[in-house]
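Visitor: One structure coming up, written as structure tokens, with questions to follow.
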Amino acid sequence: MKLLAMDLDGTTVNRQGHLGEKTKMALAKARSQGHRVVFATGRRDIDMFSFWPESRYADYLLLNNGGKLICTADNAVLFNQTILPETARALIQRCLEENWQLHVISGDYWGVNKWNDGLQDYIDYLGTRPVCYHRLTQTPWQSVEGFMATADRTPICKWITQQALPLSFTPSEDMCTDIMAQNISKWNGLQRLMALLGISADQVVAAGDYTNDLPMIQGAGIGVAVANALPEVKAAADYVTERDSDHDAAAEIIERFIL
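Heads up: the sequence shown runs through residues 132 to 390, numbered per our numbering.
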């Protein structure tokens with residue numbers, strides 16, 4: 132049995148956010164032969180609403196850059212590493228005081244304290260709207276799964292570092308930084324899944340396109356970068372696909388390394 136760990140955006144799905152037909156067929160065939168598939172993504176629950184029917188092409192969803200694992204067969208949450216309440220409270224309060232835009236995520240809850248044009252684009256993409264919070268008590272600060280920093284990501288990340296808060300943060304797109312509990316990464320999350328499945332790193336094929344995919348690409352037995360990946364991701368990979376994410380790069384990976 133092999134474990135195929137695939138980043139979603141920029142790797143497995145196309146620019147419209149969907150799986151190609153060749154990719155669907157390849158995923159189904161790999162699973163029919165006893166292999167396991169996990170979509171390892173920076174997305175949270177709110178980002179998965181429109182993709183939920185297609186998530187069934189995987190056995191597991193590793194969300195929040197490795198912080199939350201869901202079994203697609205029964206939607207069971209196998210683990211969920213949330214942010215320490217006092218840490219979440221400190222960050223939310225600071226952003227409210229400084230008027231820094233901060234997205235707060237906890238399950239189906241999505242809150243934001245400041246509106247801008249980019250936010251409207253994101254709302255249109257997701258098809259859902261956030262809660263607009265103005266006080267700490269309007270947020271689930273005691274059970275935050277993660278934050279997103281967009282417009283004000285630079286001062287927020289600088290303050291987190293200055294305060295030595297037990298948080299980790301990583302760019303997930305050019306204009307977005309994901310903020311999670313300390314030591315969260317896709318590779319750390321995959322290692323927890325590997326322990327549950329009883330498999331070793333040399334049985335893992337991991338593929339991605341962005342910097343938040345680097346730890347799992349470097350840690351897996353076979354690390355793959357898709358053709359449209361960043362140069363540093365390609366440099367770290369064992370193999371670079373000929374196809375890009377708009378042309379079923381995932382199917383190429385499955386045909387070459389799984390089937």
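Each residue gets a CB set at the ideal place from its N, CA and C atoms; glycine is no exception.
On a predicted model such as this, the values are computed, not experimentally measured, just so you know.
Tell me which residue opens and which closes the beta strand (DSSP E) that T154 is part of.
Guide: Note, T154: premise wrong, no beta strand (DSSP E); alpha helix (DSSP H) at 152 to 163.
Visitor: Any idea if C226 is buried or exposed, counting beta-carbon neighbours within 10 angstroms, 16 or more meaning buried?
Guide: It is buried - the Cβ of C226 has at least 16 other Cβ atoms within 10 Å.
Visitor: Among all the DSSP beta bridges, which residues are the ones paired with P302?
Guide: Paired residues: T308.
Visitor: Can you check which of these residues, Y256, W231, D255, is closest to K245 by C-alpha distance?
Guide: Taking only the C-alpha atoms, the option nearest K245 is W231.
Visitor: How about A136 and L321: are their beta carbons less than 8 Å apart?
Guide: Cβ atoms of A136 and L321: closer than 8 Å.
Visitor: If you follow the beta strand (DSSP E) that M279 is in, where does it begin and where does it stop?
Guide: 277 to 280 is the span of the beta strand (DSSP E), which, as asked, contains M279.
Visitor: Run through DSSP, which three-state label would D140 get?
Guide: In the structure shown, D140 sits in a strand (DSSP, three-state: E or B).
Visitor: Classify V98: buried if its beta carbon has 16 or more other beta carbons within 10 angstroms, exposed otherwise.
Guide: Residue 98 is absent from the structure shown; the chain starts at 132 and stops at 390.
Visitor: Could you tell me the boundaries of the beta strand (DSSP E) in which R167 lies?
Guide: 167 to 171 is the span of the beta strand (DSSP E), which, as asked, contains R167.
Visitor: If D340 and A366 are in contact, beta carbons under 8 Å, what's the gap, nearest whole angstrom?
Guide: Incorrect: roughly 13 Å between the Cβ atoms, too far for contact.
Visitor: Give the secondary structure of G329 by DSSP, where H, G and I count as helix, E and B as strand, and everything else as coil.
Guide: Coil.
Visitor: Leaving out the 5 sequence neighbours to the left and right, which residues in its chain are closer than 7 Å to L250 when beta-carbon positions are compared?
Guide: Only V243 meet the Cβ criterion.
Visitor: Taking all protein chains shown into account, decide if V262 is buried (16 or more other Cβ within 10 angstroms of its Cβ) or exposed.
Guide: Classification of V262: exposed, given that the 10 Å Cβ count is below 16.
Visitor: My output table needs one value for G320: the three-state DSSP class, helix, strand or coil.
Guide: DSSP places G320 in helix when its eight states are reduced to three.
Visitor: Could you give the residue range of the alpha helix (DSSP H) that holds A356?
Guide: Counting along the chain, A356 falls outside any alpha helix (DSSP H), though it belongs to the beta strand (DSSP E) covering 353 to 356.
Visitor: Return the Cβ separation of Q313 and P297 in integer angstroms, given the expectation that the two are a contact with Cβ distance under 8 Å.
Guide: About 4 Å separates the two Cβ atoms, so the contact holds.
Visitor: Give me the Cβ distance between A280 and I287, rounded to the nearest whole Å; I'm assuming they're in contact under 8 Å.
Guide: With a Cβ gap of about 4 Å, A280 and I287 count as contacting.
Visitor: Spatial neighbours of T203 within its chain, please: C-beta separation below 8 Å, excluding the five flanking residues on both sides.
Guide: Within the same chain, T203 has close Cβ partners S186, R187, A189, D190, Y191, L192.
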